[in-house]
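Asker: I have a structure I would like to understand better, so I am pasting it below and will then ask my questions one at a time.
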Amino acid sequence: MAAYDVVVIGTGPGGYVAAIRAAQLGLKTAVVEKWPTFGGTCLNIGCIPSKALLHASELYEEAGHGFADMGIGVDPKLDLAKMLAFKDEGVDGNVKGVEFLLKKNKIDTYRGVGAVAGPGKVKITPESGDAQEIDAKSIIIATGSDIVRLPGIEIDEKRVISSTGALTLSKVPKRLIVVGGGVIGLELGSVWRRLGSEVTVVEFLDRILPPEDGEISRQFERILKKQGMTFRTKTKVTSVDTSGKTLKVTLEPAEGGEAEVVDADVVLVAIGRRPYTEGLGLEAAGVEMDERGRIKTDDHFRTNIPGIYAIGDVITGPMLAHKAEDEGVAAAEIIAGQAGHVNYEAIPSVVYTYPEVASVGRTEEQLKADGVAYKVGKFPFTANGRAKVNRTTDGFVKILADKTTDRVLGVHMIGPDVGTMIAEVTLGMEFGAAAEDIARTCHAHPTLSEAVKEAALAVDGRAIHM
Ligand code: FAD
Ligand code: NAI
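With the numbering used here applied, the sequence shown corresponds to residues 1 to 466, in that order.
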């Protein structure tokens with residue numbers, strides 16, 4: 001029987017990164033993957049394909065509307081099949097890249113459903129053929145997450161779709177109803193609106209992107225409305241009648257009240273994701289889960305069963321690829337006897353719409369709830385020279401710093417390219433930066449990131465260009 005120091009179940013960003021780090025540290029490592037390709041949700045049906053469509057659809061919209069203002073005359077025509085092929089090629093390149101990296105690091109790969117078969121044992125059941133068992137001194141579970149479904153509403157991935165179906169629609173729907181004003185709903189809703197759909201987002205709570213800073217989500221909603229999206233907040237979808245050619249979607253006020261029926265061609269259900277632990281044999285192995293079905297771990301990613309670790313979407317924390325990756329690195333280092341660590345105070349999150357939304361650290365609402373005295377520095381892109389000349393002035397940068405120590409506690413931005421700009425403040429927070437440190441750092445001119453420096457100056461009431 002093959003024997004390993006580490007066997008990782010699942011090859012998403014958590015799993016494949018954990019395996020590479022373990023191999024780098026000299027541990028004999030194998031991965032088990034049930035899908036035909038490596039890379040998990042993120043590379044196959046998540047981050048990568050959605051960003052390919054966001055990129056292509058943004059250029060399509062820009063070519064149709066923004067280019068003329070700059071004196072560039074074009075008349076774009078949509079070839080959806082080709083756009084989807086562009087996305088598929090991008091996915092293919094990325095998943096092959098993971099395969100290459102696993103090989104390069106001499107990691108053994110097993111195809112099939114992996115399960116814990118007892119202490120130090122992993123059973124692999126392939127789609128066809130016999131199951132086999134391998135020995136593992138340490139097992140890392142990195143099985144990720146799956147979509148949350150709405151009771152009574154069946155997802156057929158054609159007319160009633162999840163994010164997976166929204167990446168492959170062969171025709172632009174005339175009317176798209178998105179259930180859930182979270183990250184997936186706004187990113188993929190933006191893609192189809194740019195390609196020509198009338199998009200209505202139905203959100204249960206009173207604002208879109210509920211975990212974001214309130215000021216950000218309110219301004220973001222205004223910007224997306226200007227772009228042509230319709231929002232129905234404090235509303236829920238209770239049923240979708242698929243019997244006719246047109247879908248009949250029943251909406252109700254979130255707190256109850258009179259229902260109304262609206263027509264749609266496609267309904268995208270994007271109300272969150274849940275940890276995926278099916279078929280892993282965790283109950284039999286005695287692995288403890290929490291009340292939301294996540295695998296319980298300590299801050300060293302250890303479950304209650306010695307030798308079994310878990311990382312990524314299947315444990316607590318934000319469901320983000322880079323969070324899963326960092327946990328993968330830390331878990332491998334801990335298994336190798338090193339001091340792996342993840343700083344959950346400095347995990348950035350980005351919504352890749354236009355403009356982008358990016359944040360790190362605590363929101364104003366969280367600071368208030370935590371009773372922390374803070375200062376706010378804000379700077380709008382309307383006052384940034386580069387944004388002005390590019391005519392990309394929607395949005396602002398907001399820095400929250402401790403009132404006494406000036407330490408940066410949270411940064412929230414809407415604007416062009418803020419998904420890249422969030423890295424500088426994340427690095428700052430990792431090093432315990434004060435707003436003053438950012439304010440005194442020279443930023444190149446003319447760049448959008450000068451808005452970060454100005455927001456840091458504004459924390460102390462001394463922004464220059466405002
Ligand atoms: P996953 O990537 O879900 O991988 C789990 C893997 O485990 C899968 O390959 C699965 O087949 C395998 N598996 C499951 N059970 C078994 C088993 N028993 N045996 C063998 N294999 C098994 N995050 C970002 O940070 N940025 C983004 O832009 C972003 N965009 C997204 C867009 C969409 C549409 C979606 C759905 C998600 C997006 N995410 C994004 C979230 C991101 O995809 C996840 O946070 C990330 O993939 C989690 O990584 P993971 O390794 O924990 O699990
Ligand atoms: P989400 O949690 O981001 O948003 C779901 C939204 O649906 C919430 O606003 C919630 O209030 C709402 N909702 C819940 N039940 C509802 C109901 N019955 N009716 C109407 N609204 C309802 O989840 P989403 O968008 O499905 O994404 C899942 C996860 O995937 C994200 O939380 C994120 O972690 C990850 N992701 C990350 C991306 C990124 O980093 N750019 C992109 C896409 C996904």
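Heads up, the beta-carbon is just placed ideally off N, CA and C, and yes, glycines get one too.
What you are looking at is a predicted structure, and each value in this text was computed from that prediction instead of being measured.
Spell out the partners DSSP gives PHE379 in its beta bridges.
Answerer: Within the sequence shown, numbered from 1, the residue matching residue 379 stands at position 379. Note: PHE379 sits in a beta bridge opposite VAL397.
Asker: Would you decide whether ASN384 is buried or exposed? Buried here means 16 or more other CB atoms lie within 10 Å of its CB.
Answerer: Taking the sequence shown and counting its residues from 1, the one referred to as residue 384 is at position 384. Buried is the call here.
Asker: Could you give the distance in angstroms between the alpha-carbon of ALA332 and the alpha-carbon of VAL98?
Answerer: Within the sequence shown, the letter at position 332 stands for residue 332. Within the sequence shown, the letter at position 98 stands for residue 98. Straight-line Cα distance between these residues: approximately 18 angstroms.
Asker: How many angstroms separate the CA atom of LYS378 from the CA atom of VAL342?
Answerer: As a working note, residue 378 is residue 378 in the sequence shown. As a working note, residue 342 is residue 342 in the sequence shown. Their Cα atoms are separated by approximately 29 angstroms.
Asker: Considering VAL418, what are the terminal residues of the alpha helix (DSSP H) in which it resides?
Answerer: In the sequence shown, residue 418 corresponds to position 418, counting from 1. Note, VAL418: alpha helix (DSSP H), 418 to 430.
Asker: Helix, strand or coil for PHE67, going by three-state DSSP, please let me know.
Answerer: The residue you call residue 67 lines up with position 67 of the sequence shown. DSSP places PHE67 in helix when its eight states are reduced to three.
Asker: Less than 9 angstroms between the C-beta atoms of GLY281 and THR143, yes or no?
Answerer: Position 281 of the sequence shown holds residue 281. Position 143 of the sequence shown holds residue 143. It is not a contact, given that the beta carbons lie outside the stated cut-off.
Asker: Report the option in ARG21, VAL191, GLY410 whose CA atom is closest to the CA atom of VAL452.
Answerer: Your numbering for residue 452 matches position 452 in the sequence shown. It is GLY410.
Asker: Quick one: is HIS412 buried, meaning 16 or more other Cβ sit within 10 Å of its Cβ, or exposed?
Answerer: Stepping through the sequence shown from its first residue, residue 412 is reached at position 412. Buried, because 16 or more other Cβ atoms sit within 10 Å of the Cβ of HIS412.
Asker: In chain order, what residues of the same chain have a beta carbon less than 6 angstroms from the beta carbon of PRO126, not counting five sequence neighbours either side?
Answerer: For the purposes of this step, residue 126 is identified with residue 126 of the sequence shown, where counting begins at 1. Once the five neighbours on either side are set aside, the close Cβ partners of PRO126 are ARG111, GLY112.
Asker: Give the single residue among GLU288, ASP394, LYS375, TRP192 whose Cα lies nearest to the Cα of GLN219.
Answerer: The count along the sequence shown starts at 1 and reaches residue 219 at position 219. Per the Cα distances, ASP394.
Asker: Counting only runs that start and end within the region 139 to 193, where is the beta strand (DSSP E) found for 3 or more residues in a row?
Answerer: If we require 3 residues or more, the beta strand (DSSP E) runs fully inside the region 139 to 193 come out as 145 to 147, 175 to 179.
Asker: Measuring only from the beta carbon, is ILE155 closer than 8 angstroms to any heavy atom that is part of the ligand NAI?
Answerer: Within the sequence shown, residue 155 is the residue found at index 155, counting from 1. Incorrect: ILE155 has no Cβ contact closer than 8 angstroms to the ligand NAI.
Asker: The ligand NAI and TYR352: does any heavy atom of the ligand fall closer than 8 angstroms to the residue's C-beta?
Answerer: Locating residue 352 in the sequence shown gives position 352, counting from the first residue. True, at least one ligand heavy atom lies under 8 angstroms from that Cβ.
Asker: So does HIS55 have its beta carbon nearer than 8 angstroms to some heavy atom of the ligand FAD?
Answerer: If you number the sequence shown from 1, residue 55 lands on position 55. No, since every heavy atom of the ligand FAD falls outside the 8 angstroms radius drawn around the Cβ of HIS55.
Asker: DSSP three-state label for LEU27, please.
Answerer: For the purposes of this step, residue 27 is taken as residue 27 along the sequence shown, with counting starting at 1. Looking at LEU27 - three-state DSSP - the assignment turns out to be coil, as it is neither helix nor strand.
Asker: Hey, out of ALA131, ASP460, PHE86, whose CA is closest to TYR374's CA?
Answerer: Along the sequence shown, read from residue 1 onward, the residue named residue 374 stands at position 374. Ranking ALA131, ASP460, PHE86 by Cα distance to TYR374 puts ASP460 first.
Asker: Report the three-state DSSP secondary structure of PHE38 (helix, strand or coil).
Answerer: Indexing the sequence shown from 1 puts residue 38 at position 38. It is coil, neither helix nor strand.
Asker: Below 9 angstroms between beta carbons: does that hold for LYS236 and VAL191?
Answerer: Taking the sequence shown and counting its residues from 1, the one referred to as residue 236 is at position 236. Taking the sequence shown and counting its residues from 1, the one referred to as residue 191 is at position 191. No, Cβ-Cβ distance for LYS236 and VAL191 is not below 9 angstroms.
Asker: Could you tell me if the beta carbon of LYS368 falls within a distance shorter than 8 angstroms of some heavy atom in the ligand NAI?
Answerer: Here residue 368 corresponds to residue number 368 of the sequence shown, with the count starting at 1. LYS368: no, Cβ never under 8 angstroms from the ligand NAI.
Asker: Looking at MET319 and the ligand FAD, is the gap between the Cβ and the nearest heavy atom below 8 angstroms?
Answerer: Locating residue 319 in the sequence shown gives position 319, where the first residue counts as 1. Checking the Cβ of MET319 against the ligand FAD gives yes.
Asker: Pick helix, strand or coil for PRO275, following the three-state DSSP scheme.
Answerer: Mapped onto the sequence shown, residue 275 falls at position 275. Of the three classes helix, strand and coil, the one that applies to PRO275 here is strand, per DSSP.
Asker: Tell me which same chain residues have a C-beta within less than 6 angstroms of the C-beta of HIS300, skipping the five on either side of it?
Answerer: Looking up residue 300 in the sequence shown gives position 300. Excluding positions up to five away in sequence, the list reads ILE334.
Asker: Following a CB-centred definition, is VAL32 positioned closer than 8 angstroms to any heavy atom of the ligand FAD?
Answerer: As a position in the sequence shown, residue 32 is number 32, starting the count at 1. Yes, since a heavy atom of the ligand FAD falls inside the 8 angstroms radius drawn around the Cβ of VAL32.
Asker: Quick one: what does DSSP say MET319 is sitting in, helix, strand or coil?
Answerer: The residue you call residue 319 lines up with position 319 of the sequence shown. It is coil, neither helix nor strand.
Asker: Assuming VAL115 contacts LYS123 under a Cβ cut-off of 8 angstroms, what Cβ separation, rounded to an integer in Å, is found between them?
Answerer: As a first step, residue 115 must be located in the sequence shown, where it is residue number 115. As a first step, residue 123 must be located in the sequence shown, where it is residue number 123. For the record, residue 115 in the displayed sequence is Ala; it is not Val. The Cβ separation is near 5 angstroms, so the contact holds.
Asker: Check the C-beta distance from VAL418 over to LEU209 and give it rounded, since I have them as a contact under 8 angstroms.
Answerer: To locate residue 418, count along the sequence shown from 1; it is residue 418. To locate residue 209, count along the sequence shown from 1; it is residue 209. That pair is no contact at about 14 angstroms.
Asker: Can HIS322 be considered in contact with the ligand FAD, in the sense that its beta carbon sits closer than 8 angstroms to one or more heavy atoms?
Answerer: Position 322 of the sequence shown, counted from the start, is the residue given in the question as residue 322. Yes, since a heavy atom of the ligand FAD falls inside the 8 angstroms radius drawn around the Cβ of HIS322.
Asker: Does the distance from the CB of SER197 to the CB of VAL6 come in under 9 angstroms?
Answerer: Looking up residue 197 in the sequence shown gives position 197. Looking up residue 6 in the sequence shown gives position 6. In this structure, VAL6 does not lie closer than 9 angstroms to SER197 by Cβ.
Asker: Can you list, in chain order, the residues of its chain whose CB lies under 7 angstroms from that of GLU154, leaving out five sequence neighbours each side?
Answerer: Locating residue 154 in the sequence shown gives position 154, counting from the first residue. Closer than 7 angstroms at the Cβ level, and outside the excluded window around GLU154, lie VAL160.
Asker: Taking THR242 and ASP263 to be in contact with their CB atoms under 8 angstroms, please state how far apart those CB atoms are, rounded to whole angstroms.
Answerer: As a working mapping, residue 242 is identified with position 242 in the sequence shown. As a working mapping, residue 263 is identified with position 263 in the sequence shown. Not confirmed; about 12 angstroms, so no contact.
Asker: Classify SER57 as helix, strand or coil using the three-state DSSP reduction.
Answerer: If you number the sequence shown from 1, residue 57 lands on position 57. DSSP places SER57 in helix when its eight states are reduced to three.
Asker: Does the beta-carbon distance from THR238 to ALA259 come in below 9 angstroms?
Answerer: Here residue 238 refers to the residue found at position 238 of the sequence shown. Here residue 259 refers to the residue found at position 259 of the sequence shown. Yes, the pair counts as a contact, with Cβ atoms nearer than the cut-off.
Asker: Taking one C-beta from the region 50 to 65 and one from the region 74 to 93 each time, how about it: are there three or more such pairs within less than 8 angstroms?
Answerer: Taking 8 angstroms as the limit for Cβ pairs, the verdict is that the region 74 to 93 does touch the region 50 to 65.
Asker: Return the CA-CA distance between ASP108 and LEU25, expressed in angstroms with no decimal places.
Answerer: In the sequence shown, counting from the first residue as 1, residue 108 sits at position 108. In the sequence shown, counting from the first residue as 1, residue 25 sits at position 25. Their backbone Cα atoms lie some 15 angstroms apart in a straight line.
Asker: Evaluate CYS442 with the Cβ neighbour count: other Cβ atoms within 10 Å of its Cβ, from every protein chain shown; 16 or more gives buried, anything less gives exposed.
Answerer: Here residue 442 is taken as the residue at index 442 of the sequence shown, counted from 1. Under this definition CYS442 is an exposed residue.
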